[in-house]
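*Asks:* First the structure, then my questions, so here it is.
In the UniProt record's numbering, the protein residues as written are 1 to 183.
Shown next, in the form of structure tokens:
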């Protein structure tokens with residue numbers, strides 16, 4: 001029996017094997033195939049069971065509640081409120097989502113608005129994890145805004161007199177321009 005004939009014979013027996021209800025019926029099918037093809041029993045079992053993996057299995061786990069629409073709206077609201085953490089953003093969402101919709105800052109459906117009001121702080125942090133990483137990388141690898149201003153400010157890096165306890169040195173910076181008259 002050539003390889004092609006054995007594979008066809010195996011396909012016919014696979015259907016019978018999966019339809020068999022008892023272990024004895026399956027054993028008889030395996031015995032028949034092994035006797036006709038002179039193949040090892042364990043090899044035949046693996047060959048028959050390998051076709052099971054071709055059938056797509058449904059992944060278990062929880063159902064997705066916060067889909068892409070919620071994540072996009074959450075990222076927009078997070079940006080509007082200057083990127084707070086999840087614990088600070090959750091109470092804001094409960095009170096401010098309706099107001100943001102009235103002011104037309106965000107355009108979302110009623111269903112997405114309800115989901116935003118129910119979302120927990122930890123879920124907010126998980127949903128915004130990617131945006132936070134992108135923001136961190138953008139800030140990390142961005143060139144300094146104005147390095148010349150840092151060069152113009154004199155800084156004393158060392159040489160402080162630390163022998164006396166309680167001595168404090170404080171620098172005072174006035175943001176009034178050239179005149180300190182208060183006008």
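Just so you know, even glycine gets a beta-carbon here, dropped at the ideal spot from N, CA and C.
Determine the closest residue to residue 123 out of 65, 60 and 101, with distance taken between C-alpha atoms.
*Replies:* 65
*Asks:* Taking the alpha helix (DSSP H) that residue 125 belongs to, which residues open and close that run?
*Replies:* 121 to 127
*Asks:* How is the alpha helix (DSSP H) around residue 171 delimited, first residue to last?
*Replies:* Per DSSP, residue 171 belongs to no alpha helix (DSSP H) and is neither H nor E.
*Asks:* Would you kindly work out how many angstroms separate the C-alpha atoms of residue 98 and residue 146, rounded to a whole number?
*Replies:* 40 Å
*Asks:* Answer with buried or exposed for residue 184, where buried requires no fewer than 16 other C-beta atoms within 10 angstroms of its C-beta.
*Replies:* Absent from the model: residue 184. The displayed extent of the chain is 1 to 183, so no value can be given.
*Asks:* If you count every other CB in all the chains shown that lies within 10 Å of the CB of residue 170, and 16 or more means buried, which is it?
*Replies:* exposed
*Asks:* Using a Cβ-Cβ cut-off of 6 Å (strictly less than) and excluding sequence neighbours within five positions of residue 75, which residues of its own chain qualify?
*Replies:* 131
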